[in-house]
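Chemist: First the structure, then my questions, so here it is.
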Amino acid sequence: MPERFLDELIARTDIVDLVSESVHLTKKGNSWWGCCPFHSEKTPSFHVVPDRQMYKCFGCGKGGGAINFVMELENLPFKDAVAVLAQRAGMEMPELGASPGARERREKLLTINRQAARAFYCWLNAPEGAEGLGYLQRRGLSRRTLTNFGLGFAPNSWDALIKELSAQGFDKRDLLDAGLAVSNKDGRIYDRFRNRVMFPIIDVRGNVIGFGGRVMDDSTPKYLNSPDTPVYNKSRNVFALNVAKSSKAGRVILTEGYMDTISLHQAGFDSAVASLGTALTEEHGQLLAKYFKEAVISYDGDGAGVKAAQRAIPILEKAGLKVRVLQMKGAKDPDEFIKTYGRDAFAKLLDQSENQVDYRLAQVQKKYDLSDDTQRVAFSQEAAQLISGLHSAAEREVYGGHAAQTAGITSEAMKLEVDRAFKARLRKARKRQERRELAPASQLQPKARGLRYENIRSALAEEGLLRLLMLDPSLAGRLDGLTGAEFSSPLLGRAFDLLRRRAEEGLSTQLAALAGDFDREEMDHLAQVAAQPQAAANSQRAVADYISLIRGERLRRGGEVQGDALLLAMQKKYQKKKAYMEEKK
């Protein structure tokens with residue numbers, strides 16, 4: 000990738016604007032802070048520094064520049080991330096040769112999925128799709144809804160899609176890679192989806208990345224979903240988020256399936272989404288938190304739905320969402336509720352949805368017979384454990400009062416139980432912190448074993464030198480012939496040689512410019528180095544001091560190596576002499 004193209008791309012990309020598309024940032028001084036998009040947290044530890052065009056999370060350790068951010072966020076290789084930023088900046092990608100790579104393969108799979116979605120849609124509206132169209136219409140979906148969601152039909156044929164896409168130039172191997180075809184043990188390849196109504200899965204960029212297919216009777220499996228592919232991961236994508244992300248509702252409605260989500264959209268609740276045939280994951284929570292501040296869980300009211308809601312609550316809360324739970328009576332799911340009671344009744348139910356703490360307390364209550372004193376005590380203790388996990392003292396007092404009223408005990412007694420449980424949590428947290436702080440020196444080390452420093456004193460000087468070069472490229476003329484080979488850390492030495500060369504050639508020395516030369520783990524560590532404070536005053540003197548220390552430590556290491564080698568030679572000489580004397584005896 001041409002270096003000057005990358006420099007221009009980075010210069011055109013405002014990292015604050017880029018990150019703000021996914022993370023709510025707050026300005027503090029000359030930098031910006033927000034909750035990290037790469038791990039779950041409630042206290043912002045994600046730091047964006049516009050002057051250095053870099054980000055760093057002090058929680059999970061991720062860091063780098065604009066290219067690294069897109070690589071991490073979209074799980075893309077380097078070239079694909081560059082292409083995303085180039086398109087965003089209105090720049091044309093340079094020619095990189097005709098050999099197909101990961102980006103070309105990804106684009107091909109997206110094209111195959113798009114063409115498959117068109118074929119399924121056409122079949123739904125053709126004679127062979129009459130059964131599928133009739134089924135969807137009986138479910139109450141309008142023609143407009145079918146079009147808006149691109150619903151389709153897979154004919155009852157072993158190779159209808161294979162034939163259709165083969166005529167467009169795609170081979171069976173392409174369909175296998177896209178998850179649209181499967182092969183049996185005899186090597187025969189056939190369509191994955193047959194005789195099913197089809198739901199295209201579209202990502203937030205508008206790409207068709209996979210499909211869900213539903214039977215029209217009671218046969219199994221009821222739903223058949225695309226497998227994970229290079230463009231589709233069910234744990235990182237959410238059905239209908241491409242539409243819901245533009246909703247003005249301010250809260251996302253989580254349902255258990257495609258039909259519930261589509262029915263809600265048709266009724267005017269345009270913030271409904273569903274997970275894709277899997278339990279809600281932390282990645283789902285982080286994805287939803289990019290677009291919403293509140294989540295309403297609207298799962299089925301059966302035992303499986305209650306368990307799924309219980310699992311989803313802490314995941315969504317950890318992602319920073321305020322969570323409420325909707326409980327329906329007289330219907331098993333949102334689709335049935337709206338058909339039975341109407342849109343207005345569901346809107347009222349939505350506004351009256353319980354906060355997650357009262358919901359979870361109600362679920363705990365169902366486990367106990369509160370007419371029995373022993374079980375009242377057990378309920379009080381389990382409720383106290385739940386309430387002790389709340390963040391504010393006010394929340395603990397309010398919900399402690401709710402639990403006390405349910406258990407039929409005084410608020411004072413419940414407060415004692417909650418305080419006891421809360422102190423136990425604090426003790427466990429302190430012990431975890433103490434274990435992390437047992438070896439303070441190790442905190443100076445990179446997290447990965449392969450990047451560990453052999454000489455911390457020299458490495459700290461090497462880090463300082465890197466920071467100065469990033470801040471002031473003109474210092475490259477005052478390095479006294481120093482090379483990365485003299486560094487104690489191979490990683491820092493490689494970074495130094497690159498920065499020095501770039502400075503000498505008039506290229507950018509910002510951290511973001513190194514994205515193509517280091518893997519993600521290495522960039523995380525270099526971001527940690529770059530994020531440390533570095534005084535720019537007296538920088539020339541600081542460079543000289545750093546060089547002196549690096550070379551001094553290298554001489555010391557060399558002396559130690561020479562001393563060890565001399566000692567080893569003397570030992571060998573002694574052993575030979577001893578053996579000779581024993582032979583003479």
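Going by numbering that gives the first Met the number 0, the first residue of the sequence shown is number 0, and it counts up by one from there.
Ideal Cβ placement from N, Cα and C applies to all residues, glycine included.
None of the values given here were measured: they were computed from a predicted structure.
Within the same chain, show all residues whose beta-carbon is closer than 8 angstroms to that of R585, passing over the 5 residues directly before and after it, in chain order.
Modeler: This structure leaves residue 585 out entirely; the chain is present only between 0 and 584.
Chemist: Short check: CB of A318 to CB of G284, under 8 angstroms?
Modeler: yes
Chemist: So, under 8 angstroms CB-CB, L223 and F192 are touching, yes? Tell me the CB distance rounded to an integer number of Å.
Modeler: 6 angstroms
Chemist: Residues bridged to K321 by DSSP?
Modeler: E293
Chemist: Return the chain-ordered ranges of every beta strand (DSSP E) run that is complete within the region 185 to 232 and spans a minimum of 3 residues.
Modeler: 188 to 190, 195 to 201, 207 to 213 and 222 to 224
Chemist: So within the region 239 to 283, which uninterrupted beta strand (DSSP E) runs reach at least 3 residues, ignoring any that extend past its ends?
Modeler: 250 to 254 and 271 to 274
Chemist: Could you give the C-beta distance for G515 and L84, rounded to a whole number, given that I count them as a contact under 8 angstroms?
Modeler: Contact doesn't hold; Cβ gap of about 12 angstroms is too wide.
Chemist: If the criterion is Cβ atoms closer than 8 angstroms, does the pair I9 and Q351 meet it?
Modeler: no
Chemist: Quick one: residues in its chain with C-beta nearer than 8 angstroms to the C-beta of M469, no 5 flanking neighbours on either side, listed in chain order?
Modeler: R51, L498, T508, Q509, L510 and A529
Chemist: Please state the DSSP three-state secondary structure of V560.
Modeler: Note that V560 scores 45 on pLDDT, short of 50, meaning its location in the model is unreliable; the coordinates nonetheless yield the value given after this. Residue state, collapsed to three classes: helix.
Chemist: Mind reading off the beta-carbon distance from L175 to S182? Whole number of angstroms is fine, and I expect it under 8 angstroms.
Modeler: 7 angstroms
Chemist: Could you compute how far the alpha carbon of G139 sits from the alpha carbon of M215?
Modeler: 14 angstroms
Chemist: At 3 residues or longer, what runs of the beta strand (DSSP E) sit wholly inside the region 316 to 381?
Modeler: Here the runs fully enclosed are 321 to 324.
Chemist: How big is the Cα-Cα spacing for G302 and E7?
Modeler: Their backbone Cα atoms lie some 56 angstroms apart in a straight line.
Chemist: In chain order, what residues of the same chain lie with their CB nearer than 7 angstroms to the CB of K244, ignoring the 5 residues before and after it?
Modeler: Once the five neighbours on either side are set aside, the close Cβ partners of K244 are V203 and Y290.
Chemist: Hey, E103 and L506: beta-carbon distance below 8 angstroms or not?
Modeler: no
Chemist: Take the Cβ of Q380 as the centre, count every other Cβ of all protein chains shown within 10 Å, and call the residue buried at 16 or more, exposed below.
Modeler: exposed
Chemist: Can you give the Cα-Cα distance for K321 and L315, rounded to whole angstroms?
Modeler: 8 angstroms
Chemist: Identify whether Y54 lies in helix, strand or coil by the three-state DSSP scheme.
Modeler: strand
Chemist: Return the residue from the list Q384, A402 and Y257 that minimises the CA-CA distance to P333.
Modeler: Y257
Chemist: Give me the Cα-Cα distance between A82 and P93, rounded to the nearest whole angstrom.
Modeler: 10 angstroms
Chemist: Any idea if Q561 is buried or exposed, counting beta-carbon neighbours within 10 angstroms, 16 or more meaning buried?
Modeler: Note on Q561: pLDDT 48, under 50, position unreliable in the model; the coordinate value appears next. It counts as exposed.
Chemist: Rounded C-beta distance between F68 and L17? I'm assuming under 8 angstroms.
Modeler: Right, their Cβ atoms sit about 6 angstroms apart.
Chemist: What separation, rounded to the nearest whole angstrom, lies between the Cα atoms of G463 and L275?
Modeler: 47 angstroms
Chemist: Assuming contact is defined by CB atoms lying nearer than 8 angstroms, are H401 and D368 in contact in what I supplied?
Modeler: no
Chemist: Determine the contact status of M197 and F152, defining contact as a CB-CB distance below 8 angstroms.
Modeler: yes
Chemist: Give the DSSP bridge partners of G302, in chain order.
Modeler: Answer is none; G302 lacks a bridge partner.
Chemist: Considering only residues of the same chain and omitting the five flanking positions on each side of I408, which have a CB-CB separation below 8 angstroms?
Modeler: R375 and S379
Chemist: What does A180 pair with, by DSSP beta-bridge criteria?
Modeler: D190
Chemist: Does V47 come out as helix, strand or coil in the three-state DSSP assignment?
Modeler: strand
Chemist: Roughly how far, in whole angstroms, is the beta-carbon of R250 from the beta-carbon of E293, given that I think they are within contact range, below 8 angstroms?
Modeler: 4 angstroms
Chemist: Could you tell me the alpha carbon to alpha carbon distance between K233 and D79, rounded to whole angstroms?
Modeler: 21 angstroms
Chemist: For the putative contact between R105 and P229, defined by C-beta atoms under 8 angstroms, what is the C-beta separation to the nearest angstrom?
Modeler: 6 angstroms
Chemist: In this structure, how does DSSP classify S19 when only helix, strand and coil are distinguished?
Modeler: helix
Chemist: Is it buried or exposed for S441, if we count other Cβ within 10 angstroms and need 16 for buried?
Modeler: The predicted model places S441 with a pLDDT of 39, which falls under 50 and marks its position as unreliable; any figure quoted below should be read in that light. With fewer than 16 other Cβ atoms within 10 Å, it is exposed.
Chemist: Report the residue ranges of all alpha helix (DSSP H) runs contained in full by the region 58 to 107; include only those spanning at least 4 residues, in chain order.
Modeler: 65 to 73 and 77 to 88
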